[in-house]
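Protein chains in written order, with numbering that gives the first Met the number 0: chain Z, 0 to 348; chain S, 0 to 406.
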Amino acid sequence: MSTGDWSCPVANHSSDTITMSHGAGGRLSAQLFDDVFARNYPSPELMAKGDSAVLDWTAHDRLAVCTDAFVVQPLVFPGGDIGKLSVYGTVNDLAVQGAEPVALTTAWILEEGFPIAELAKLAGSVGQAAAECSIRVVAGDTKVVERGRAHGCYIATTGIGRLRPSVNLSPQAIRSGDCVLISGPIGDHGMAIMSQRSGLLFDPPLLSDTAPLHRMTLELVDKVPGLRCMRDPTRGGIAASLNELATACGLCFEIQEASLPVRPQVHSACELLGLDPWIVANEGKLLAIVAPDEVELSLEILRSHSIGSLGAKIGTVHDLYKGLVIARTLYGTHRIVPMPAGELLPRIC
Amino acid sequence: MQSTDFGNPIHVESLVRQIHAKSTRPLTLMEVCGGQTHAILRYGIDQLLPPHLRIVHGPGCPVCVTPAETIDRAIEIASAPGVIFCTFGDMLRVPGSQSNSNANDLMHAKSQGADVRVIQSPLDALRIARAESQNTSPGSPNRQVVLFAIGFETTAPATAMAIYQAKELQLDSFSALVCHVLVPPALDAIFADVDHGIDGLLAAGHVCTIAGDHPYHRLADQFNLPIAITGFEPVDLLRGILNLVEQLEAKPTSYRVDNLYEHIASAEGNLQAQRTVETVFAVCDQHWRGMGSIPQSGLKLQPQFASFDASSRFPQRKLPGEQTSCCRAADVLRGKIRPIECPAFGTLCDPNHPLGAPMVSAEGACAAYFLYQALAPLNPIKLNPIKLTSSELTQSESPNPKDSLSP
Chain Z
0 MSTGDWSCPV ANHSSDTITM SHGAGGRLSA QLFDDVFARN YPSPELMAKG
50 DSAVLDWTAH DRLAVCTDAF VVQPLVFPGG DIGKLSVYGT VNDLAVQGAE
100 PVALTTAWIL EEGFPIAELA KLAGSVGQAA AECSIRVVAG DTKVVERGRA
150 HGCYIATTGI GRLRPSVNLS PQAIRSGDCV LISGPIGDHG MAIMSQRSGL
200 LFDPPLLSDT APLHRMTLEL VDKVPGLRCM RDPTRGGIAA SLNELATACG
250 LCFEIQEASL PVRPQVHSAC ELLGLDPWIV ANEGKLLAIV APDEVELSLE
300 ILRSHSIGSL GAKIGTVHDL YKGLVIARTL YGTHRIVPMP AGELLPRIC
Chain S
0 MQSTDFGNPI HVESLVRQIH AKSTRPLTLM EVCGGQTHAI LRYGIDQLLP
50 PHLRIVHGPG CPVCVTPAET IDRAIEIASA PGVIFCTFGD MLRVPGSQSN
100 SNANDLMHAK SQGADVRVIQ SPLDALRIAR AESQNTSPGS PNRQVVLFAI
150 GFETTAPATA MAIYQAKELQ LDSFSALVCH VLVPPALDAI FADVDHGIDG
200 LLAAGHVCTI AGDHPYHRLA DQFNLPIAIT GFEPVDLLRG ILNLVEQLEA
250 KPTSYRVDNL YEHIASAEGN LQAQRTVETV FAVCDQHWRG MGSIPQSGLK
300 LQPQFASFDA SSRFPQRKLP GEQTSCCRAA DVLRGKIRPI ECPAFGTLCD
350 PNHPLGAPMV SAEGACAAYF LYQALAPLNP IKLNPIKLTS SELTQSESPN
400 PKDSLSP
């Protein structure tokens, strides 16, 4: 065997073009935010890096503001469509900040040739979802781009919510000894989409978990004084959300895999496609960090909502390591759970 | 997170106890399967073993051993006008030789306009080609569909079937950039090195489901090496490790091949798949990234299928670029070192900035170490396996009484 000619290419350390990984919610997304956006308009609200920004409105009133864009393909997927997703996604960004959703704007970017009947169905979904969340769609915009530019349609939203007076949720409130809760099984949305794209069929079918979280979060905010922080683990899955929290508070999140709920279909689809449920997107799940003596109360609240019926305590926060997420496996071994690198790349076998 | 029978903590604990009881001396065991590498690191199987048992990882990731020149060709072909380039997802970020100044991996080529599509199976590429050939709308000439055909014995049959069907269908718009490799010749190359330092081999069961186990019998005889054919679930891996420990501790005059994947892999393998591969492919010498040229370790198209060879269909314009030696991927792929023993690991080299191909695919040994243990050497964590509590044990499924786990 000749190895004398072996040499290894030095990879390009800085990417000078946008790749799909920059939009995947992992490390490259964070780097893009720091290097490009935060550098050019670093307002204190933006730099708080919450799912929503908190604005002082009057001496007694604070607003939560968030913005989001939806480019999911296919537009209609098992368990939802882009219309529903855009409303719930926006509501959830407000909800995890402890806000009550008030108003929503939608901008539609439509591709030339897109059937108006399909658009009407999606608009119907937006209307229905907004009514369900008691949020009004108060403004909007429509742009049309040339054929081949927008995969049918994209939706961009802005959400406004009213913060509960006393609420002050942030990663900085997290303390060693706190507990990590999840409102249900992880990875449903991402695997429903990927299974449909790759033609995997499950019985019962694998559905997206897209759902509004605000009723559950408002009840937690109102009844659990030891609620520290909440996250809506979308792109990048719980691995990305937990890493963001660990970095922000400088503590270690230790998660017990034995307690982590994953549906058998999601587990199987992940195995087949070579993916890890930790990094797969959710669209109707809540990660909540609460004081240890309020775990039971919090779980009771989660489980009293149909979308939180499988809620569980999945781990604890401690200060043995700084800014790390650690998984304890079923076998008592540990591994570090890093921030996902970029786009989900299914393994070959 | 639920466990299957092959991940059941009760079975795992029982096997770990047996390994601890039987293992008395330092041993180095090699596995050569990306799925096994991934599982060992993901589940922390290595943390459960006695400290004197060392697991090293051979060239078990087909993505990692695909030569940089082939990646360069892939980028060049994918960037050609009118091409739809179909690839497995984990090839997207593998760096080429830097000869492509604008895009040194397929993901960047895609960002610059190449139509690169991620497929799950080679037959997906054939489907795309058929759909393109039926596209008769004016002003849209049929596009060339190129399959990036990489993988071991396990993926070769599907590639062969795609090419065979393309010929049957006279689908001239379809071609394949072929870089299939074969595991046993690479193992020959590793064990022919007198300093290989490996005491036993965990062989990939799914490779045997296609190729059969006879290549391993020859290896065991030729190099007097104990071999356990096994799968990639925690229980499979531990059964394999226990088998090797038992064989090695018994110190017989000759070692044997034990098939512990008997529920799936038969001695002769999948004959129909083998025939399909032989119809379409001939064995050839092949360059492996990190290992150099290995005789009879690759597949090339048989003459009657040569017209489906993308490397001759698309002219090569760029010469291979200069390469800089900078990481120890070669030693990782030959089991000489573990990824964490490489000076660049976790500092200069990580999955965002891979210096070597094993850091790219999740099945690459370096990436698996980074994903699952990255900070261990920098920020040591006491990895004492914690005794499973009875409540944890009852959360898992009960063991299947039919499934005897003792080999």
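Don't be surprised by glycine CBs; every beta carbon is placed ideally from N, CA and C.
Can you give the Cα-Cα distance for residue i and residue j, rounded to whole angstroms?
i: P251/S; j: I228/S; result: 19 angstroms
i: E321/S; j: G355/S; result: Any reading at E321/S needs caution, since the residue's pLDDT is 43, under 50, leaving its predicted position unreliable; the model's value is listed next. Using only the alpha carbons, I get a separation of about 15 angstroms.
i: V125/Z; j: G82/Z; result: 5 angstroms
i: S303/Z; j: G283/Z; result: 15 angstroms
i: L323/Z; j: V336/Z; result: 8 angstroms
i: S42/Z; j: S28/Z; result: 19 angstroms
i: V31/S; j: T69/S; result: 22 angstroms
i: L84/Z; j: L146/S; result: 34 angstroms
i: E248/S; j: L241/S; result: 10 angstroms
i: I173/Z; j: R26/Z; result: 22 angstroms
i: I197/S; j: L28/S; result: 6 angstroms
i: E391/S; j: L329/Z; result: Here the model assigns E391/S a pLDDT of 39, short of 50, so the residue's position is not dependable and the matter cannot be decided.
i: D140/Z; j: P77/Z; result: 28 angstroms
i: L168/Z; j: S110/S; result: 38 angstroms
i: A191/Z; j: D275/Z; result: 14 angstroms
i: L270/S; j: I336/S; result: 37 angstroms
i: T388/S; j: Q273/S; result: Below a pLDDT of 50, predicted positions are generally treated as unreliable, and T388/S, at 42, falls in that range; the measurement from the model is reported next regardless. Using only the alpha carbons, I get a separation of about 47 angstroms.
i: M0/Z; j: I74/S; result: Below a pLDDT of 50, predicted positions are generally treated as unreliable, and M0/Z, at 36, falls in that range; the measurement from the model is reported next regardless. Near 28 angstroms, if we compare the C-alpha coordinates of I74/S and M0/Z.
i: P94/S; j: A63/Z; result: 43 angstroms
i: G112/S; j: Q17/S; result: 56 angstroms
i: D4/S; j: T18/Z; result: 40 angstroms
i: H317/Z; j: L241/Z; result: 13 angstroms
i: V117/S; j: A155/Z; result: 27 angstroms
Applying a beta-carbon distance threshold of less than 9 angstroms, which residues of chain S neighbour residue i?
i: L241/Z; result: Here the premise fails: no neighbours, minimum Cβ distance about 15 angstroms.
i: M19/Z; result: L91, M106, K109 and S110
What does residue i touch in chain Z if you count any residue whose Cβ is under 7 angstroms from its own?
i: L370/S; result: P337
i: P338/S; result: Ordered by position in chain Z, no residue passes the 7 angstroms Cβ test against P338/S, which lies about 13 angstroms from the chain.
i: E8/S; result: Note that residue 8/S corresponds to Pro in the displayed sequence, not to Glu. Near P8/S (Cβ distances below 7 angstroms), the residues of chain Z are L329 and Y330.
i: V11/S; result: Y330
Which residues of chain C have a Cβ atom closer than 9 angstroms to the Cβ of residue i, listed in chain order?
i: L27/Z; result: The question asks about chain C, but that chain is absent: this structure's protein chains are Z and S.
Short check: CB of residue i to CB of residue j, under 8 angstroms?
i: T432/S; j: V115/S; result: As displayed, chain S neither begins before 0 nor continues past 406, which places residue 432/S out of reach and without an answer.
i: L181/S; j: G297/S; result: yes
i: L14/S; j: L52/S; result: no
i: A340/Z; j: R334/Z; result: no
i: A79/S; j: F307/S; result: no
i: A309/S; j: L176/S; result: yes
i: T332/Z; j: Y368/S; result: no
i: L332/S; j: P357/S; result: yes
i: P156/S; j: T275/S; result: yes
i: C178/Z; j: K312/Z; result: yes
i: L218/S; j: P183/S; result: yes
i: L236/S; j: I9/S; result: no
i: L180/Z; j: A287/Z; result: yes
i: L170/S; j: A130/S; result: no
i: I306/Z; j: G183/Z; result: yes
i: K194/Z; j: A280/Z; result: Contrary to the premise, residue 194/Z reads as Ser rather than Lys in this sequence. Cβ atoms of S194/Z and A280/Z: not closer than 8 angstroms.
i: V95/Z; j: M229/Z; result: yes
i: L93/Z; j: R135/Z; result: no
i: G199/S; j: L224/S; result: yes
i: G235/Z; j: A23/Z; result: yes
My understanding is that residue i touches residue j, with C-beta atoms under 8 angstroms, so please give their C-beta distance in whole angstroms.
i: E218/Z; j: I159/Z; result: Contact doesn't hold; Cβ gap of about 21 angstroms is too wide.
i: V220/Z; j: L212/Z; result: Actually they are not in contact, since the Cβ atoms of V220/Z and L212/Z sit about 11 angstroms apart, beyond 8 angstroms.
i: N91/Z; j: D231/Z; result: 4 angstroms
i: C152/Z; j: E110/Z; result: 7 angstroms
Give the residues of chain S in contact with residue i, contact being defined as C-beta atoms less than 7 angstroms apart.
i: S197/Z; result: Q119
i: T328/Z; result: Y42 and G43
i: M190/Z; result: Within chain S, no residue comes near M190/Z; the closest Cβ sits about 14 angstroms away, beyond 7 angstroms.
i: A340/Z; result: P350 and N351
Since residue i meets chain Z, which of its residues come closer than 9 angstroms, beta carbon to beta carbon?
i: Q111/S; result: T16
i: V282/S; result: Ordered by position in chain Z, no residue passes the 9 angstroms Cβ test against V282/S, which lies about 17 angstroms from the chain.
Since residue i meets chain Z, which of its residues come closer than 8 angstroms, beta carbon to beta carbon?
i: P233/S; result: Y330
i: V331/S; result: Ordered by position in chain Z, no residue passes the 8 angstroms Cβ test against V331/S, which lies about 11 angstroms from the chain.
i: V115/S; result: The premise fails here: V115/S is roughly 10 angstroms from chain Z at the closest Cβ pair, so nothing lies under 8 angstroms.
Closer than 8 angstroms, Cβ to Cβ, to anything on chain Z: give me those residues from the stretch 41 to 56 of chain S, in chain order. R41, Y42, G43, I44, Q46 and L47
Identify each residue in the stretch 162 to 179 of chain S for which the Cβ-Cβ distance to at least one residue of chain Z is less than 9 angstroms, and report them in chain order. none
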